[in-house]
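Numbering (UniProt numbering), first residue to last: 2 to 314. Using N, Cα and C, we set each Cβ at its ideal position, and we do this for glycine too. Here the structure is a predicted model, which means the values were calculated and not measured.
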Ligand code: BDR
Ligand code: CA
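The structure is reproduced here in structure tokens:
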């Protein structure tokens with residue numbers, strides 16, 4: 002099994018991503034770190050604890066991390082996840098029986114990496130602030146990181162602005178620090194692909210019927226679904242973060258291509274945007290693996306099968 006740490010800002014799709022990790026025998030979820038993003042760090046931490054309580058994984062330490070971006074303050078914009086971060090349904094999840102780990106996120110990451118007997122996969126599925134801080138503060142631990150599987154960026158445009166996807170937009174400087182000249186192997190799962198992997202109401206109904214845990218997860222989605230209907234005219238929703246965790250659990254489930262990338266950090270309409278250099282004459286420059294395709298039905302089936310098994314005795 003591969004040790005896995007999830008760095009997250011729950012978040013409806015983050016909840017599905019945590020559930021997928023908990024349901025996957027290929028990985029050992031050894032820690033969860035939280036970051037500001039969809040809501041305040043207090044709420045993302047509380048939500049992570051609640052989701053782990055739902056999953057009966059209160060053994061996993063949860064440490065709170067960055068409350069703000071590295072350099073420039075950013076106004077709060079996320080509306081998709083409601084004021085509590087779980088579309089108004091956080092209270093439907095079990096009350097955690099424990100609090101967060103006393104360590105901050107970077108310290109927990111450092112301790113877990115140091116103690117690990119093999120390289121650890123980290124799946125950052127929120128703003129990249131904690132990961133940028135980790136790489137800057139503990140460069141000697143890079144060898145203990147097998148891979149970062151990051152959900153973020155949009156190759157052909159964003160969701161917060163025309164240019165920027167939410168996770169990169171929240172902290173462009175941190176994203177640049179992590180993704181450009183990456184000092185560890187990185188697989189980036191952009192919103193172009195995660196949107197193509199959207200799941201339908203029928204998919205959700207199947208999950209909801211499978212178990213109490215499935216029903217609780219699906220119970221978080223009505224408002225999130227309504228947002229997709231309103232803004233994109235869809236009858237379904239993207240599981241963004243769960244797509245990245247699927248790749249962390251089963252390397253190669255997404256097809257990737259290696260590209261040099263950059264993140265726009267200038268102030269202007271492009272701030273937070275991902276730049277993917279597809280020019281062939283630049284192909285030999287250092288790059289990261291960008292997820293560009295997948296067997297979409299196979300992937301939806303994989304996630305559904307895993308989540309359906311949760312809480313079924
Ligand atoms: C990303 O933004 C957040 O709202 C989601 O949880 C996901 O990580 C998608 O752009
Ligand atoms: Ca997220």
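CB contact flag (residue 130, residue 172, <8 Å): yes
Does the distance between the C-beta of residue 49 and the nearest non-hydrogen atom of ligand 1 fall short of 7 Å? no
Rounding to the nearest angstrom, what Cα-Cα distance links residue 294 and residue 139 in this structure? 33 Å
Which runs of the beta strand (DSSP E) spanning at least 3 residues fall entirely within the region 6–69, listed in chain order? 28–35, 63–65
Could you please give the first and the last residue of the uninterrupted beta strand (DSSP E) stretch that includes residue 258? 255–260
With a threshold of 6 Å on Cβ separation, who are the neighbours of residue 90 within its own chain once the five nearest residues in sequence on each side are excluded? 220, 221
Looking at residue 204 and residue 305, is the spacing between their C-beta atoms short of 8 Å? yes
Kindly indicate which three-state DSSP category residue 108 falls into: helix, strand or coil? helix
Do residue 246 and residue 16 have their C-beta atoms within less than 8 Å of each other? no
Classify residue 283 as buried or exposed, calling it buried when 16 or more other Cβ atoms lie within 10 Å of its own Cβ. exposed
If we call anything under 8 Å between Cβ atoms a contact, is residue 102 one with residue 62? yes
Answer with buried or exposed for residue 80, where buried requires no fewer than 16 other C-beta atoms within 10 angstroms of its C-beta. exposed
Beta-carbon proximity check, residue 265 vs residue 164, cutoff 8 Å: yes
With a threshold of 7 Å (Cβ to nearest heavy atom), would residue 131 be considered close to ligand 4? Of the ligands one can find in the structure shown, namely ligand 1 and ligand 2, none is ligand 4.
Please classify residue 227: does DSSP put it in a helix, a strand, or coil? helix
Would you decide whether residue 34 is buried or exposed? Buried here means 16 or more other CB atoms lie within 10 Å of its CB. buried
Since residue 4 sits in a beta bridge, which residues does DSSP pair it with? 29
Note the first and the last residue of the continuous beta strand (DSSP E) segment covering residue 190. 187–190
May I ask whether a heavy atom of ligand 2 can be found less than 7 Å away from the beta carbon of residue 316? The displayed coordinates of the chain run from 2 to 314. Any statement about residue 316 would go beyond what the structure contains.
Looking only at C-alpha atoms, which of 31, 69, 30, 23 sits nearest to residue 42? 69
Could you tell me the boundaries of the alpha helix (DSSP H) in which residue 252 lies? First-last for residue 252: undefined, no H or E at that position.
Compute every distance between the C-beta of residue 274 and the non-hydrogen atoms of ligand 1, then say whether any falls below 7 Å. no
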